[in-house]
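From first to last, the protein sequence lines are chains A and B. Residue numbering for the first sequence follows my numbering, beginning at 1 and increasing consecutively. Residue numbering for the second sequence follows my numbering, beginning at 232 and increasing consecutively. Glycine included, each C-beta is placed from N, C-alpha and C at the ideal position. Bear in mind that the values here come from a model prediction, so they are computed numbers and not experimental data. Contents: one structure, followed by commentary.
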Amino acid sequence: MSSQAQPVKLISAFGSPFAYRVEVALALKGVPYELVLEDLDNKSELLLKHNPVHKAVPVLLHGDDRAVCESFVIVEYVDEAFDGPRILPADPYDRAMARFWAHFVENKLSKPFWMSFWTEGEVREGFAKEARENLAVLEAQLDGKRFFGGDSLGFLDIAACALAIWLDVMQEAHGFRLVGDGEFPALRRWAKEYTAHEAVKKCLPDRDRLVAYFVTNAEKYKGIARAALQQ
Amino acid sequence: MAGGGRDEQLKLLGAWPSPFVHRVRVALHLKGLDYENVEQDLVNKSELLLASNPVHKKVPVLLHNGRPVCESLVIVQYLDESFAGTGQAILPADPYDRAIARFWAAYIEDKIFPSMSKALTATTDEVKTAATANILAALETLEGAFAELSRGKGFFAGDAPGYVDVALGGFVAWMRASDKL
Numbered sequence: 001m002s003s004q005a006q007p008v009k010l011i012s013a014f015g016s017p018f019a020y021r022v023e024v025a026l027a028l029k030g031v032p033y034e035l036v037l038e039d040l041d042n043k044s045e046l047l048l049k050h051n052p053v054h055k056a057v058p059v060l061l062h063g064d065d066r067a068v069c070e071s072f073v074i075v076e077y078v079d080e081a082f083d084g085p086r087i088l089p090a091d092p093y094d095r096a097m098a099r100f101w102a103h104f105v106e107n108k109l110s111k112p113f114w115m116s117f118w119t120e121g122e123v124r125e126g127f128a129k130e131a132r133e134n135l136a137v138l139e140a141q142l143d144g145k146r147f148f149g150g151d152s153l154g155f156l157d158i159a160a161c162a163l164a165i166w167l168d169v170m171q172e173a174h175g176f177r178l179v180g181d182g183e184f185p186a187l188r189r190w191a192k193e194y195t196a197h198e199a200v201k202k203c204l205p206d207r208d209r210l211v212a213y214f215v216t217n218a219e220k221y222k223g224i225a226r227a228a229l230q231q
Numbered sequence: 232m233a234g235g236g237r238d239e240q241l242k243l244l245g246a247w248p249s250p251f252v253h254r255v256r257v258a259l260h261l262k263g264l265d266y267e268n269v270e271q272d273l274v275n276k277s278e279l280l281l282a283s284n285p286v287h288k289k290v291p292v293l294l295h296n297g298r299p300v301c302e303s304l305v306i307v308q309y310l311d312e313s314f315a316g317t318g319q320a321i322l323p324a325d326p327y328d329r330a331i332a333r334f335w336a337a338y339i340e341d342k343i344f345p346s347m348s349k350a351l352t353a354t355t356d357e358v359k360t361a362a363t364a365n366i367l368a369a370l371e372t373l374e375g376a377f378a379e380l381s382r383g384k385g386f387f388a389g390d391a392p393g394y395v396d397v398a399l400g401g402f403v404a405w406m407r408a409s410d411k412l
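Listed below in structure tokens is the structure:
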């Protein structure tokens, strides 16, 4: 059996934007997969066996002997191991730009974004300011294009998926508006295009269920934020 | 040393003590590429640096025919892909092997440098001890990865240095120096 035809399993958890990145990549490539949902408070043997280092989702299992961890690493693997539309562009310089901006999203936007919802007062204001500044930098990268990848969805669109979906969800769940209604028009337009895309729609998490999840787990995430601040 | 055969101009905006710059230097040498080294003053940053890396204002920056590429591991992959026929391949050919290499490079990025930074700049013994424990734990994990990946050879990549070796290599000199501090 060619490696592409071997079965694919994705270990995920409801609400994880990191696992969601991988689902979009698989959908873009037209790769069928079995979704295994973890209870992260009660991690399975399967997860612990295949991601002993981080014990986190997502984990992609391809055939009997391939386990890939870390969402960006998995997305690049899916791009290289399977035929179908390119996720990363062909040109090395464009690839470098896509990777650079994906790391920007992960390292400069992700943390202040989440922390602005799970903290309060001055600390919250600090994270919100940083998130908004970096949202502006990211927005500039759209530069009139339909997607970060141009006419079609690419690596950076997948990397930034949390913004298209989780932003509204978190604002509703936590009653804190990180982004005002008229702000970041290009990002808003992008989010609409993104969530209307066939591949993205296929694996879109149920919005109401996501909101309910974050409302229910608000104290847990606030606790995680407090612990992170103390480090 | 060749420059890739075309009219290529490679400039590295670097600073000699930086482990991140070191990664790029090693990659350039592995590929056998000529480049101009432009040493940066990180206290009084040059116009060129600020213009080439407006987002982070950091080294290393690679200028390839004037176009900037930033972030050390992004640059290493860029060199490997741009100069695919030249010198040594840094990432392996097989997609799964590439994924494993990228995983460990990301691990080194997340677990080694932040803890090293903390350990070196710690003002209390408590913070220093905690950071050091983190580094040691990460190094132990890397020892395990090395045993598995090197298969008895000298490098994570086997007979010759590859992506993970380059990612970690930058810190070797740092660690030796920090020992003395």
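Selected residue, minimal CA-CA separation from residue i, among the options
i	options	result
HIS364 of chain B	B:SER381, B:LYS384, B:ILE343 and B:LEU304	The question names His, but residue 364 of chain B in the sequence shown is Ala. Looking at the Cα atoms, B:ILE343 is the closest of the given residues.
LEU156 of chain A	A:LYS201, A:VAL59 and A:LEU187	A:LEU187
PRO326 of chain B	A:LYS108, A:ALA81, A:PHE104 and A:TRP101	A:ALA81
GLY126 of chain A	A:GLU193, A:LEU229 and A:ALA159	A:LEU229
ALA5 of chain A	A:SER12, A:PHE18, A:VAL31 and A:PHE14	A:VAL31
PHE18 of chain A	A:ARG132, A:ILE165, A:ASP181 and A:PHE176	A:ILE165
PRO299 of chain B	B:ALA330, B:ALA408, B:SER283 and B:THR354	B:SER283
ASP39 of chain A	A:PHE14, A:GLY149 and A:PHE176	A:PHE14
ARG207 of chain A	A:TRP190, A:ARG177 and A:GLN171	A:GLN171
Local Cβ density within 10 Å of residue i, reported as buried at 16 or more and exposed below that
i	result
SER2 of chain A	exposed
LYS289 of chain B	buried
GLN231 of chain A	exposed
SER110 of chain A	buried
ASP65 of chain A	exposed
ARG333 of chain B	buried
GLY154 of chain A	buried
MET232 of chain B	Residue confidence for MET232 of chain B is low, a pLDDT of 45 falling below 50, so the modelled location carries little weight; the figure read from the coordinates is stated next. With fewer than 16 other Cβ atoms within 10 Å, it is exposed.
ARG99 of chain A	buried
ASN296 of chain B	exposed
PRO188 of chain B	Outside the displayed range of chain B (232 to 412) lies residue 188 of chain B, so it cannot be described from this structure.
THR119 of chain A	buried
ARG95 of chain A	buried
Closer than 9 Å at the beta carbon, the chain B residues around residue i
i	result
ALA199 of chain A	Near ALA199 of chain A there are no residues of chain B at all, since even the closest Cβ is about 20 Å away, more than 9 Å.
TYR194 of chain A	What TYR194 of chain A touches in chain B: nothing, since even the nearest Cβ is about 23 Å away.
Interface residues of chain B facing residue i [CB-CB closer than 8 Å]
i	result
TYR285 of chain A	An answer regarding residue 285 of chain A cannot be provided, because it is not within the stretch 1 to 231 covered by chain A.
ALA81 of chain A	PRO326 and TYR327
Per-residue contacts from residue i into chain A (C-beta, under 7 Å)
i	result
VAL397 of chain B	The premise fails here: VAL397 of chain B is roughly 16 Å from chain A at the closest Cβ pair, so nothing lies under 7 Å.
VAL286 of chain B	PHE104 and VAL137
THR352 of chain B	Here the premise fails: no neighbours, minimum Cβ distance about 14 Å.
Spatial neighbours of residue i in its chain, beta-carbon cut-off 6 Å, leaving aside the 5 residues before and after
i	result
GLY235 of chain B	Legend: pLDDT at GLY235 of chain B = 48, less than 50; position of this residue unreliable, value from coordinates given subsequently. If we look at GLY235 of chain B and ignore the five residues flanking it on each side, its Cβ neighbours are PHE314 and THR317.
LEU380 of chain B	PHE387
PHE214 of chain A	ALA173
Beta-ladder partner(s) of residue i, from DSSP
i	result
ILE11 of chain A	A:VAL36 and A:VAL59
GLY418 of chain B	Look at the range of chain B in this structure, 232 to 412, and you will see that residue 418 of chain B is not part of it.
ARG298 of chain B	B:HIS295
ARG66 of chain A	A:HIS62
Spatial neighbours of residue i in its chain, beta-carbon cut-off 7 Å, leaving aside the 5 residues before and after
i	result
CYS203 of chain A	TYR20, GLU23, VAL24 and ALA27
GLN319 of chain B	LEU261, LYS262 and ALA391
Amino acids of chain B, ordered along the chain, whose beta-carbon sits closer than 7 Å to that of residue i
i	result
ALA136 of chain A	Here the premise fails: no neighbours, minimum Cβ distance about 12 Å.
ARG207 of chain A	What ARG207 of chain A touches in chain B: nothing, since even the nearest Cβ is about 31 Å away.
PHE100 of chain A	CYS301, GLU302 and VAL305
Same chain only: Cβ atoms within 8 Å of residue i, ignoring 5 sequence neighbours per side
i	result
LEU48 of chain A	LYS55
PHE377 of chain B	PHE387
Per-residue contacts from residue i into chain A (C-beta, under 8 Å)
i	result
TYR266 of chain B	Result: empty, since nearest Cβ-Cβ is about 16 Å, beyond 8 Å.
Amino acids of chain A, ordered along the chain, whose beta-carbon sits closer than 9 Å to that of residue i
i	result
ALA368 of chain B	Ordered by position in chain A, no residue passes the 9 Å Cβ test against ALA368 of chain B, which lies about 11 Å from the chain.
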